[in-house]
Amino acid sequence: MSDSQSNSSSGSKRKRKNPDDPEETPQLSKVKKADPNLGNKKGDTPLLLAIKDKNIELIYDLVVSGAKSSEVLVDKMPILWWLVGISFLGYQRQERKMRDKLVNILISYKANSNLKNENGETILMLASKLNKVEGVKRHLNLGVDPNEQDNCGNTALIWASCKGCVEIVQLLLEAGTDPNLQSKSGETALIWAIKTKKMGVVKVLLG
């Protein structure tokens, strides 16, 4: 066979493509993902709808996908505040357990636990007001500021003193709460404890 015949024969064969060569591999267009923070004109976001539906699995998926829980309000309240608030009072035990799971999911993905409701109350204040010892422990562990004051100047300690929960008062003091902070009307936790005749709290406050 002549050289010309050999070249002609090899040239007639198709060159096999290398799948590892990016120049020879067709590029697929990047698939866009749904925005978990995009809401409708009514203000409903996917996360808000999932929370109202109490769908734990969906809430988890949305938060993991980047849903910003701290920017969503439920009934004009931050999500965490709503979850530990009156919206769940009177619910069955199973639903309260589910609520706790929702709170833990949001907290694990850095939901802002210092956000306040329209009255200026934090979730720590609410837990103190409702005598929820475990809730107070959890919120303190999250780093909620115990010295925050609501619109009337009340602190979590003032609320706990009014309710007479010695254990919560002790927890708040150990967390660095200032017992001498005054409400806008000048009351301190000690004054409220005396007014409401919570002598156990008075003893703790006086040390």
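Numbering (our numbering), first residue to last: 37 to 243.
Just so you know, even glycine gets a beta-carbon here, dropped at the ideal spot from N, CA and C.
- Annotated three-state conformation of residue 114 is strand, per DSSP.
- Taking all protein chains in view, the Cβ of residue 161 is crowded by 16 or more other Cβ atoms within 10 Å, so the residue is classified as buried.
- C-alpha of residue 205 to C-alpha of residue 136: approximately 23 Å in a straight line.
- Exposure of residue 242 is indicated by the presence of fewer than 16 other C-beta atoms within 10 angstroms of its C-beta.
- Membership of residue 200 in any alpha helix (DSSP H) is not indicated, and neither H nor E is assigned to it by DSSP.
- Per the coordinates, the alpha-carbon of residue 83 lies some 7 Å from the alpha-carbon of residue 72.
- In the three-state reduction of the DSSP assignment, residue 94 falls in the helix class.
- Between residue 117 and residue 143, the C-beta gap is not smaller than 8 Å, which leaves the two residues out of contact.
- Excluding the 5 residues flanking it on each side, residue 237 has same chain C-beta neighbours closer than 7 Å at 197, 200, 202, 205 and 229, in chain order.
- Spanning the alpha carbons of residue 89 and residue 151 requires a straight line of approximately 22 Å.
- Rounded to the nearest whole angstrom, the C-alpha separation of residue 231 and residue 74 is 49 Å.
- Going by DSSP, residue 177 is part of the alpha helix (DSSP H) stretching over 169 to 177.
- Rounded to the nearest whole angstrom, the CA to CA distance from residue 81 to residue 94 is 13 Å.
- The residues 219 and 220, in chain order, have a CB closer than 6 Å to that of residue 189 in the same chain once the five nearest residues on each side in sequence are set aside.
- Between residue 207 and residue 173, the CB-CB gap stays under 8 Å.
- By DSSP's assignment, residue 109 forms a beta bridge with 114.
- Using a 10 angstroms sphere on the CB of residue 179, the tally of other CB atoms stays under 16, which defines it as exposed.
- For residue 134 and residue 227, the gap between their C-alpha atoms comes out near 38 Å.
- Sixteen is the threshold: since fewer than 16 other Cβ atoms of the shown chains lie within 10 Å of the Cβ of residue 68, the residue is exposed.
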